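Numbering-wise (our numbering), the sequence shown opens with residue 12 and increments by one.
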Amino acid sequence: MDSNIIEVENLEHSFGDVKAVDKISFNVRKGEIFSFLGPNGAGKSTVINILTTLLKLQKGTAKVAGYDVAKEPEKVRESIGIVFQELTLDRDMTVRETLEYHGRLYSMPKEERRRRTEELLRLVQLEGKGDTRTKYLSGGMKRRLEIARGLMTRPKVLFMDEPTIGLDPQTRIRIWEYVREINREGTTIFLTTHYMDEADQLSNRISIIDHGKIIITGRSWELKNKLGQDLIYLESSDNRAAAELLMELGSVREITEKPKGLVLMLSGDGTHLLPKLMEMLTGKGIAITTVNLKKPSMDDVFVHYTGRELRDEGAEKMSSAIIRAGKR
Numbered sequence: 012m013d014s015n016i017i018e019v020e021n022l023e024h025s026f027g028d029v030k031a032v033d034k035i036s037f038n039v040r041k042g043e044i045f046s047f048l049g050p051n052g053a054g055k056s057t058v059i060n061i062l063t064t065l066l067k068l069q070k071g072t073a074k075v076a077g078y079d080v081a082k083e084p085e086k087v088r089e090s091i092g093i094v095f096q097e098l099t100l101d102r103d104m105t106v107r108e109t110l111e112y113h114g115r116l117y118s119m120p121k122e123e124r125r126r127r128t129e130e131l132l133r134l135v136q137l138e139g140k141g142d143t144r145t146k147y148l149s150g151g152m153k154r155r156l157e158i159a160r161g162l163m164t165r166p167k168v169l170f171m172d173e174p175t176i177g178l179d180p181q182t183r184i185r186i187w188e189y190v191r192e193i194n195r196e197g198t199t200i201f202l203t204t205h206y207m208d209e210a211d212q213l214s215n216r217i218s219i220i221d222h223g224k225i226i227i228t229g230r231s232w233e234l235k236n237k238l239g240q241d242l243i244y245l246e247s248s249d250n251r252a253a254a255e256l257l258m259e260l261g262s263v264r265e266i267t268e269k270p271k272g273l274v275l276m277l278s279g280d281g282t283h284l285l286p287k288l289m290e291m292l293t294g295k296g297i298a299i300t301t302v303n304l305k306k307p308s309m310d311d312v313f314v315h316y317t318g319r320e321l322r323d324e325g326a327e328k329m330s331s332a333i334i335r336a337g338k339r
């Protein structure tokens, strides 16, 4: 995992007056699972479409498996597999025909096609469905077939655009197992998702993307640690006054004021801070409605970086104001 298999610099893409991708740069290391995590419309699919040569590169540079996507698109396509967000199966083909046809498109020899087809049917647990037309498959089976199709040519990089969207929890977990197994066999995975648990469970590294910009990149635990060791969620009779008081506590790194209350990001263990916090507020006549202590999750990271302060530019500033403790 020392070398980069994807390299992107200053990538820009617009649809008319709308800038979908805004000067982003990032690398994906060989052999890792790399995720783009962001809300719908953040630019995730646009980036994948450029890297897979489905969209023409407008500005910037991008290389996949050492090949320039603008100058060597055929070489790029020979090196990758794709699992699209929308299902793209031929309804009247059987499961086995779907895989063999894909192999023929890439000029795979007949015996290799047949051998690879059976390998993949076993991998995605569809060996008993080889002669079934795809229109009779469940949604989860169709997604598993699309993953198998993406792997047919043994790609160096498998692009997966929202691979579990619309699937039930059990099927999602099964897809995660396939992704891990594929990665263990040496395939680099580029995943886009808006599911926090998916990015958290699967990824070696995560880039949070919003409004076409990469906001932050790191390992899951690194991103969580940036929010502090513990988080306290607090609702009171006067949140603004409470925030001003709590800024003076030495272990409070940052306070974010939301419409429903305060989020305190701590530099240490919040268990010992809670009694002091409650005593301080009640002593000043501020009633505490609710208070909760927890460790940061990817949900917290996601909301922090793509929350109301970024998404609703015209909103009242104090509805999600960030107050930093002056001592830090």
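Heads up, the beta-carbon is just placed ideally off N, CA and C, and yes, glycines get one too.
Computed from a predicted structure; not experimentally measured.
Take residue i and list the residues in its own chain whose beta-carbon comes closer than 7 Å to its own, dropping the five residues that flank it on each side.
i, result
"G54", "A31, V32, I220 and G223"
"T204", "S46, L48, E173 and A210"
"S216", "The displayed chain sequence assigns Arg, not Ser, to residue 216. E43, F45, T228, G229 and R230."
"M291", "L256"
"I176", "Q96"
"P84", "T64"
"Q240", "L277, S278, G279 and D280"
Measure the Cβ-Cβ separation of residue i and residue j and say whether it is below 7 Å.
i, j, result
"T145", "R102", "yes"
"L7", "G151", "Residue 7 is absent from the model: the chain starts at 12 and stops at 339."
"L238", "P307", "yes"
"T72", "H24", "no"
"E268", "A254", "yes"
"D310", "M207", "yes"
"K140", "L98", "no"
"R88", "T64", "yes"
"A81", "L66", "no"
"L110", "M171", "no"
"V312", "L234", "yes"
"N236", "L273", "no"
"V168", "R155", "no"
"M276", "E265", "yes"
"H113", "R183", "no"
"V106", "L62", "no"
With DSSP collapsed to three states, give me the class of residue i.
i, result
"G337", "No answer about G337 holds up, because its pLDDT of 43 lies below 50 and its placement is not dependable."
"G272", "strand"
"H24", "strand"
"D33", "strand"
"S14", "coil"
"K70", "strand"
"Y206", "coil"
"Y244", "strand"
"R264", "strand"
"R322", "No answer about R322 holds up, because its pLDDT of 42 lies below 50 and its placement is not dependable."
"G239", "coil"
"F47", "strand"
"L65", "coil"
"S56", "helix"
"S218", "strand"
"F313", "helix"
"D79", "strand"
"K86", "helix"
"K287", "helix"
"G294", "helix"
"R40", "strand"
"S330", "Because the pLDDT of S330 is 38, which lies under 50, any placement of that residue in the model is unreliable, and the number read from its coordinates should be weighed accordingly. It is helical."
Among the residues of its own chain, which have a CB less than 8 Å from the CB of residue i, if the five just before and after it don't count?
i, result
"M289", "I299 and V302"
"D28", "none"
"R115", "R124"
"N38", "N15, I17, E18 and V19"
"L285", "I243, V302 and L304"
"P50", "H205, D221, T317 and R322"
"T293", "I299"
Enumerate in chain order the residues of its own chain whose CB-to-CB distance from residue i is below 6 Å, with the five nearest sequence positions on each side excluded.
i, result
"K372", "This structure gives no information on residue 372, because the portion of the chain shown stretches from 12 to 339."
"E157", "V94"
"I226", "I219 and Y316"
"K74", "E18"
"K34", "N21 and E23"
"K121", "none"
"T198", "L169"
Closest Cβ-Cβ distance between residue i and chain C: below 7 Å?
i, result
"L62", "No chain C appears in this structure, which consists of one protein chain only."
Quiz item: Which ranges would you report for the beta strand (DSSP E) in the stretch 155-183 if only whole runs of at least 3 residues count?
Solution: Correct list: 168-172.
Quiz item: Can at least three beta-carbon pairs, one atom from the stretch 117-127 and one from the stretch 173-191, be found at a separation below 8 Å?
Solution: no
Quiz item: Counting pairs of beta carbons, one from the stretch 240-251 and one from the stretch 195-213, are three or more of them closer than 8 Å?
Solution: no
Practice problem: Flag this pair as touching only if the stretch 38-45 and the stretch 81-101 have three or more C-beta atom pairs under 8 Å; answer yes or no. | Solution: no
Quiz prompt | Secondary structure, alpha helix (DSSP H): runs of 4+ residues fully inside the stretch 98-163 | solution = 106-116, 121-134 and 150-162
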